Each structure stands twice: as C-alpha cells, then as structure tokens.
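If you're matching positions, the sequence shown starts at 10 in this note's numbering and goes up one per residue.
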Amino acid sequence: SSLPPADATVREVLEQEADAVGWEQMHRRLRLLDPDSARRIHPNDPQRIQRALEVYELTGQPLSLLQRKDKARQLPYRIIKLAIATLDRAELHQKIARRFHQMILRGFEAEVRSLLSRGDLVPEMPSMRAVGYRQMLAYLRGEYDHETMVYKGIVATRQLAKRQITWLRSEADVNWLDRAATENAERALKLIRGATI
Numbered sequence: 010s011s012l013p014p015a016d017a018t019v020r021e022v023l024e025q026e027a028d029a030v031g032w033e034q035m036h037r038r039l040r041l042l043d044p045d046s047a048r049r050i051h052p053n054d055p056q057r058i059q060r061a062l063e064v065y066e067l068t069g070q071p072l073s074l075l076q077r078k079d080k081a082r083q084l085p086y087r088i089i090k091l092a093i094a095t096l097d098r099a100e101l102h103q104k105i106a107r108r109f110h111q112m113i114l115r116g117f118e119a120e121v122r123s124l125l126s127r128g129d130l131v132p133e134m135p136s137m138r139a140v141g142y143r144q145m146l147a148y149l150r151g152e153y154d155h156e157t158m159v160y161k162g163i164v165a166t167r168q169l170a171k172r173q174i175t176w177l178r179s180e181a182d183v184n185w186l187d188r189a190a191t192e193n194a195e196r197a198l199k200l201i202r203g204a205t206i
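Next up, the structure:
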C-alpha cells in the first residue's frame, strides 16, 4: 500500500484544529482537498476525516488518488474473495443476542470497569466507543438500566452486522458461503482450484 503510516504529530495538529473549528468544518476542508473521499466519508465520522486529511498532509496527494493507484496495480496472483456469513437474518439476530448475553455472563461488565479503573482510558476514545463498550459505559454512568443496556447493545450489534454485510455485498466478485451449509470447505476448494460453483 502506498498509504503512509499514522503520524502522531499530524494527528495532534488535526485534532487541535477540529477542537477549534469542529469536525463539520474539517469535513468542508476535506471536500476542497479530496472531494472523492469527502463524498464517501460522513461529516460525523471524525476518525476517517482525520485519516484522509492526515494522508493529504503527509503526501500532498488525496487519499482517494492513492487508493486508486493501489487498486490499479496488477497483482501477480488471482484473488478469490470468500464471505462466510449467516445469510438468514432471523438466525443472525438470534446469534447476536445469544453472543451479547454470553459476553455479559462471562464478565463483560467487570472487564469494562477494570478498563476504566486504569485511568488512561476515557469514554471518547475509539476503543471505548466500540459496539457493546459504548452501551456498557452508558449503563455504568447510570444513563440507563441493565435491561436497556443489553437491548441497546444487541441493537447496535445488529446495526453493525448489517453495515458489514452491506459493505461486503458492495465488494465486486465476492463468493458467498452460508455459514450453516455443510459443504463450504468443498465449495471453497473448488473456487481456489478455478472451478465455478
């Protein structure tokens, strides 16, 4: 990849600018420097806005241009994209709910309390805004009761799963395998060997 690694100094400068003018204004700046990336990045997505501006600051080139250059490079091998997913929505929702309840039973609340007690993590950090953590933090701050936290955590996880599946479906040439199917290994091997399924 021709993208530069993260640069703490540039990120700090961008964060200070954002603190002064707001992320909406930073998105407007991105629109001037890299209209293609600005169209793809929502104005309320500070992490991606920051990364796109950071890449521009470090390279003098728009992130979208560098990404197109990377895509245009011919690879010396054939790419086979496989996506294994639970394709039945009701089954997926059941699995998400079951997994979230298992996380609670296995000490998720204690884990988040322990992370908070370290003193170096704050709720605004990306790691603490992740699905599940955000809802548990709100519960621990007394914003809602345990039952509401579980409900909101499950709903947020469903929304994340939907976005992930939508993103995968937008990918070209993805071969979908149903997680419940018994012949996935055979189908994957056929694809790898060049046969169509």
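Note that CB positions come from ideal geometry on N, CA and C, so glycine has one too.
Keep in mind that this is a model prediction, so the values were computed, not measured.
Rounded C-alpha distance that separates L67 from Q25: 17 Å
Coil, strand or helix - A94 by DSSP: strand
Rounded separation between Y148 and R87 - CA only: 48 Å
Residues bridged to Q184 [DSSP beta-bridge criterion]: First, the residue type needs correcting, since residue 184 is Asn and not Gln in the sequence shown. Paired residue(s): L91.
Nonlocal neighbours in the same chain, by C-beta distance under 6 Å from G162, ignoring five residues either side: F109, G141, Q144
Through-space distance from T166 to R122, alpha-carbon basis: 21 Å
The region 35-48 contacting the region 61-76, beta-carbon criterion three pairs below 8 Å: yes
Stretch-stretch touch, CB-based, cutoff 8 Å, three pairs: the region 87-101 with the region 169-186: yes
Start-to-end residues for the alpha helix (DSSP H) that takes in D45: 44-49
Span separating the alpha-carbon of Y65 from that of N53: 19 Å
Which listed residue (L41, E33, I58) has its alpha carbon closest to that of V19: I58
The alpha helix (DSSP H) enclosing Y153, as first and last residue numbers: Taken as a continuous stretch (DSSP letters only), Y153 belongs to no alpha helix (DSSP H), as it is neither H nor E.
Proximity of L39 and L62 at Cβ, strictly below 8 Å: yes
Opening and closing residue of the alpha helix (DSSP H) in which E133 lies: Premise fails: E133 is in no alpha helix (DSSP H) and is neither H nor E.
Nearest-angstrom Cβ-Cβ length linking A189 and I105, presumed shorter than 8 Å: With 8 Å as the limit, A189 and I105 do not qualify as a contact, their Cβ atoms being about 15 Å apart.
Distance, L101 Cα to M112 Cα: 16 Å
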